[in-house]
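Here is the structure we will look at.
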Amino acid sequence: MEELFWLQKKVAIITGAGQGIGRAIARRLAKDGFRIGCLDFNEDTAQETVNLIEAEGGEALAVEVDVSCREQVFSAVDQVAVKFGRVDIMVNNAGLGPTTPLEDITPELYRKVFDVNVGGVYWGIQAVLKHIRKRTPQREGEIVGKIINASSQAGQVGNPDLAVYGATKFAIRGITQTAARDLAKSGITVNAYCPGIVRTPMMEGIARKVADENGQDLEWGL
């Protein structure tokens with residue numbers, strides 16, 4: 000059974016795959032030969048990513064999911080595993096990035112952003128482990144699966160009006176470092192990437208708000 004796993008084409012799941020960085024990751028991994036699970040809150044944009052991948056000769060599946068809901072994340076990951084027979088890489092990319100002055104942060108906003116940005120990482124890790132752990136390292140140092148989490152430049156240093164978003168990205172760094180230690184013995188690597196300014200729909204929304212507040216155009220905000 001273990002040998003059959005290694006003969007199968009590898010599979011990567013990306014949350015937030017319907018736009019921006021998530022879509023770019025999905026398309027690149029597809030070009031590298033992975034079959035792709037495109038998970039997104041917006042099923043239509045997830046399907047658009049699938050269409051792009053298929054037009055480029057790849058294989059992909061779109062699954063609608065709210066990553067703040069643990070049950071939905073588990074179900075979505077299971078759907079990809081059933082479709083393609085395995086999961087090798089989990090990219091926990093989905094996130095929200097509101098710009099909010101400290102005095103305007105509400106309990107509702109705090110919970111929503113933490114549930115998506117931080118909860119989504121916890122649930123993504125938990126959901127994929129049962130699939131990756133179907134394979135065990137055959138020798139010391141062998142890697143059987145990878146988990147990759149989206150932190151941010153805002154998770155390295157504080158940024159104006161990003162107290163909630165930045166806090167979630169600092170938290171993801173901590174989760175990633177702990178998970179890397181906990182899962183190394185199982186042959187699973189855990190890493191995070193920390194983008195700076197990337198022109199995505201989310202980033203344009205942040206830039207537009209900053210620019211408007213300063214009486215400037217969008218390019219100034221970027």
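Heads up: the sequence shown begins at 0 in numbering that gives the first Met the number 0, then just goes up one per residue.
C-beta: ideal position from N, C-alpha, C; glycine also.
These numbers were taken from a predicted model, which means no experiment stands behind them.
query: In its own chain, which residues sit with a C-beta less than 7 Å from the C-beta of Q46, not counting the 5 before and 5 after it?; result: A61
query: On the DSSP bridge assignment, give the partners of V189 in chain order.; result: I146
query: Can you tell me which residues form a DSSP beta bridge with T250?; result: Residue numbering for the chain in the displayed model covers 0 to 221; residue 250 lies beyond these limits and cannot be assessed.
query: Less than 9 Å between the beta carbons of R22 and T48, yes or no?; result: yes
query: Looking only at its own chain, which residues have a Cβ that is under 7 Å from the Cβ of Q155, when we skip the five neighbours before and after it?; result: C193
query: May I have the straight-line CA-CA distance separating N190 from L182, to the nearest angstrom?; result: 11 Å
query: DSSP three-state call for A16: helix, strand or coil?; result: coil
query: Given a threshold of 16 other Cβ atoms within 10 Å of its Cβ, counted over all protein chains shown, does D103 qualify as buried or as exposed?; result: exposed
query: Which residue marks the beginning of the alpha helix (DSSP H) containing E53, and which one marks its end?; result: E42 to A54
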